[in-house]
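Residue numbers for the first sequence follow the numbering used here, beginning at 12 and rising by one. Beta carbons: idealized from backbone N, C-alpha and C, even for Gly. See below for the structure under consideration.
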Amino acid sequence: MAKLTPRSENYSQWYNELVVKADLAEQSAVRGCMVIKPYGYAIWEKMQRILDEKFKETGVQNAYFPLLIPKNFLSREAEHVEGFAKECAVVTHHRLMKDPEGNGVVVDPEARLEEELIIRPTSETIIWNTYKNWITSWRDLPILCNQWCNVMRWEMRTRLFLRTAEFLWQEGHTAHATSQEAQEEAIRMVNVYADFARNYMAMPVVVGHKSPNERFAGALDTLTIEAMMQDGKALQAGTSHFLGQNFAKAFDVQFANKEGALEYVWATSWGVSTRLMGALIMCHSDDNGLVLPPALAPHQVVMVPIFGSAEQLEAILAKMETLKARLAAKGISVKIDSRDNLRPGFKFAEWEMKGVPVRVAIGGRDLENGTVEVARRDTLTKESLSFEGVENYIETLLKDIQANIYKKAEDFRAANVQKVDSWDEFKEKIQNGGFLLCHWDGTKETEEKIKAETKATIRCIPEDSFICEEEGKCIYSGKPSSRRVIFAISY
RNA sequence: CGGGAUGUAGCGCAGUUGGUAGCGCACCACGUUCGGGACGUGGGGGUCGUCUGUUCGAGUCAGAUCAUCCCGACCA
Numbered sequence: 012m013a014k015l016t017p018r019s020e021n022y023s024q025w026y027n028e029l030v031v032k033a034d035l036a037e038q039s040a041v042r043g044c045m046v047i048k049p050y051g052y053a054i055w056e057k058m059q060r061i062l063d064e065k066f067k068e069t070g071v072q073n074a075y076f077p078l079l080i081p082k083n084f085l086s087r088e089a090e091h092v093e094g095f096a097k098e099c100a101v102v103t104h105h106r107l108m109k110d111p112e113g114n115g116v117v118v119d120p121e122a123r124l125e126e127e128l129i130i131r132p133t134s135e136t137i138i139w140n141t142y143k144n145w146i147t148s149w150r151d152l153p154i155l156c157n158q159w160c161n162v163m164r165w166e167m168r169t170r171l172f173l174r175t176a177e178f179l180w181q182e183g184h185t186a187h188a189t190s191q192e193a194q195e196e197a198i199r200m201v202n203v204y205a206d207f208a209r210n211y212m213a214m215p216v217v218v219g220h221k222s223p224n225e226r227f228a229g230a231l232d233t234l235t236i237e238a239m240m241q242d243g244k245a246l247q248a249g250t251s252h253f254l255g256q257n258f259a260k261a262f263d264v265q266f267a268n269k270e271g272a273l274e275y276v277w278a279t280s281w282g283v284s285t286r287l288m289g290a291l292i293m294c295h296s297d298d299n300g301l302v303l304p305p306a307l308a309p310h311q312v313v314m315v316p317i318f319g320s321a322e323q324l325e326a327i328l329a330k331m332e333t334l335k336a337r338l339a340a341k342g343i344s345v346k347i348d349s350r351d352n353l354r355p356g357f358k359f360a361e362w363e364m365k366g367v368p369v370r371v372a373i374g375g376r377d378l379e380n381g382t383v384e385v386a387r388r389d390t391l392t393k394e395s396l397s398f399e400g401v402e403n404y405i406e407t408l409l410k411d412i413q414a415n416i417y418k419k420a421e422d423f424r425a426a427n428v429q430k431v432d433s434w435d436e437f438k439e440k441i442q443n444g445g446f447l448l449c450h451w452d453g454t455k456e457t458e459e460k461i462k463a464e465t466k467a468t469i470r471c472i473p474e475d476s477f478i479c480e481e482e483g484k485c486i487y488s489g490k491p492s493s494r495r496v497i498f499a500i501s502y
């Protein structure tokens with residue numbers, strides 16, 4: 012891999028190369044779609060498992076809704092259709108036939124659908140059409156469903172994990188009797204995401220509200236977790252929307268309240284996608300490849316034997332199996348790389364590329380001395396330790412690494428957040444990346460003009476960090492403002 | 001859809017004024033190696049994106065077409 016620092020001009024190229032070389036994913040033959048390889052999928056599965064558990068702790072249940080959505084469903088909610096219409100894949104026929112002219116198969120013109128079906132770009136519409144049948148009384152509420160699925164958005168330009176035409180995600184859709192309850196749900200879930208990002212992905216995020224311009228199509232409020240990548244750009248890593256009664260009205264979902272009066276249901280939706288994989292890569296990787304947080308690494312420890320003869324290998328593998336069992340007892344996952352056609356140096360480099368947090372090497376010297384070599388991926392340092400009891404050391408080391416890469420990312424972010432109060436300064440500094448905390452007059456017009464001139468958008472109005480409530484003047488219009496918001500150039 | 005580039009072995013590339021296709025990596029076999037991306041010897045693999053034309057002859061020239069990538073517009 013070309014030696015490229017994360018902040019170099021070729022960051023994009025570096026990223027693509029890393030995704031492929033770390034064996035996470037590759038471009039598929041289908042336009043804009045990606046193949047997630049087993050190693051990449053193992054990380055995604057781990058993310059899924061952890062998130063799923065957290066959802067269930069809040070009372071959410073999993074369900075599944077159809078891939079195809081009748082076209083008219085999408086047009087029920089005006090803003091929603093506006094937001095997604097331009098990027099939908101449409102199913103128009105249900106049959107193929109042999110080409111009469113002999114060129115393989117063609118679409119059978121007789122099999123045209125009366126109403127076209129849309130491949131879901133998101134499932135609000137089909138789900139609310141279904142919820143209509145589930146809800147009649149206040150006793151039916153709340154409904155808290157989540158689905159793990161794929162969705163498709165016909166993006167003009169795609170990037171592995173960050174923006175692909177098809178992506179995997181979870182989408183939660185909840186129905187509530189009151190506005191307040193729905194808003195609390197949206198807040199609860201964005202905090203689940205923030206907790207996951209911080210404590211598992213080791214990625215610092217800011218929780219905040221989206222400005223009206225950046226809101227989800229059809230939402231009254233969108234909460235977001237925003238992360239900073241190593242090139243200083245912002246990445247929206249997850250969102251949670253308060254949908255008000257928009258979808259209930261569009262799909263006529265009413266319930267009888269305790270007084271017997273009919274009311275429209277209040278809704279939320281929330282989701283995170285395989286984009287989290289992109290965030291994970293861009294947040295921690297270095298010139299030697301991926302750096303995985305121990306909490307998400309498919310193998311937390313990889314063991315590499317260094318051997319000359321088959322007998323020596325056997326002796327080393329026996330020791331490794333012993334250590335593996337001791338680590339497994341602590342819930343630590345271990346991979347023993349016993350391939351005999353590759354040299355140790357090659358394996359070291361390969362596992363570093365794949366981001367395995369801890370590497371253990373045992374060779375002839377170690378057999379004699381009763382030692383092992385332990386190397387950590389985040390700092391690329393290694394040391395020789397006594398074999399006996401090393402499992403305790405490794406257990407602690409994994410926790411250290413988890414904490415250390417979080418701190419590293421947090422320090423990086425801290426170094427790239429600043430308050431800016433003049434427009435000239437803003438224009439200059441925004442090009443270097445990072446978050447700029449600025450006053451904004453709260454209008455759509457100002458936000459759009461800033462975007463047009465600098466490509467920067469309001470990433471969020473921060474709610475749990477970088478809160479800065481103070482009087483000031485809008486950076487662009489000079490009008491009064493009571494708090495700062497975060498501007499950045501984003502993915 | 002605008003602007004730029006590229007299609008030759010699994011991957012990365014070379015191929016001169018047109019003469020019948022090569023290099024590195026990877027792969028297979030054997031041997032020597034093995035504490036930071038090993039080396040030797042031998043071997044397998046290509047209708048040069050597609051179509052049409054020019055020519056005795058096209059990877060090379062011309063036209064068309066398809067595809068991919070990068071920079072924008074769109075977006076999680």
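- A straight line joining the alpha-carbon of L408 with that of D297 spans about 20 Å.
- DSSP places R123 inside the beta strand (DSSP E), whose first and last residues are R123 to I130.
- A distance below 6 Å between beta-carbons, with the five flanking residues on each side excluded, links N224 to the following residues of its chain, in chain order: K455 and E458.
- Distances from the CA of K221 to each of R470, D242 and R494 were compared; the closest alpha carbon is that of R470.
- In the DSSP assignment, the residues bridged to Q265 are Y275.
- Residues of the same chain with a CB within less than 7 Å of the CB of F84, apart from the 5 flanking positions on each side, are T136, I137 and N140 in chain order.
- Shortest Cα-Cα distance from E394 to any of K418, N415, Q413 and V369 involves V369.
- Per DSSP, reduced to three states, the secondary structure at T189 is coil, with no helix or strand assignment.
- Note: A386 is bridge-paired with R370 and K393 in the DSSP secondary-structure output.
- In the three-state reduction of the DSSP assignment, V431 falls in the coil class.
- With a beta-carbon spacing of about 3 Å, G300 and M364 fall inside the 8 Å limit used to define contacts.
- Counting C-beta pairs with one atom in each stretch, the segment 164-184 and the segment 33-53 have three or more that are closer than 8 Å, which means they touch.
- Distance from the CA of Q429 to the CA of L447, rounded to the nearest whole angstrom, comes to 5 Å.
- Counting along the chain, the unbroken alpha helix (DSSP H) around G375 starts and ends at G375 to N380.
- At a Cβ-Cβ threshold of 8 Å, F227 and H187 do not count as neighbours.
- Apart from the 5 residues on each side of it in sequence, A467 sits with its Cβ closer than 7 Å to the Cβ of I441, I461, F498, A499 and I500 in its chain, given in chain order.
- Annotation for R470: no alpha helix (DSSP H) segment contains it, though the beta strand (DSSP E) segment containing it runs T468 to P473.
- Note on G400: under 16 other CB atoms within 10 angstroms of its CB, so exposed under the neighbour-count rule.
- In this structure, I347 sits away from M293, with a CB-CB distance that is not shorter than 8 Å.
- Secondary-structure assignment with DSSP links C160 through a beta bridge to W180.
- Contact check between the segment 209-219 and the segment 232-251: three or more CB pairs, one atom from each, fall below 8 Å, which counts as touching.
- Within the same chain, Cβ atoms closer than 8 Å to the Cβ of S433 are found at I486, the five residues on either side in sequence being excluded.
- DSSP, read as helix, strand or coil, puts H295 in helix.
- With a cutoff of 8 Å on beta-carbon distance, N161 and E177 are scored as near each other.
- Your pair G229 and H104 does not check out as a contact, with CB atoms roughly 29 Å apart and the cut at 8 Å.
- Per DSSP, reduced to three states, the secondary structure at R150 is helical.
- Spanning the alpha carbons of A53 and F398 requires a straight line of approximately 29 Å.
- Across the set V117, D475, L79 and C156, the C-alpha of L79 shows the shortest separation from the C-alpha of E126.
- Between T465 and K438, the beta carbon gap of about 6 Å places them in contact (Cβ cut-off 8 Å).
- At least 8 Å separates the beta-carbon of N257 from that of E93.
- Excluding residues up to 5 positions away in sequence, nothing lies with its Cβ nearer than 7 Å to the Cβ of S320 in the same chain.
- DSSP places F95 within a helical segment (H, G or I) once states are collapsed to three.
- Where I461 is concerned, there is no enclosing beta strand (DSSP E), although the alpha helix (DSSP H) around it starts and stops at K455 to T465.
- Secondary structure at A499: strand, using DSSP grouped into helix, strand and coil.
- Between A278 and A193, the CB-CB gap stays under 8 Å.
- In the DSSP annotation of this structure, the continuous segment of the alpha helix (DSSP H) that includes E68 starts and ends at P49 to E68.
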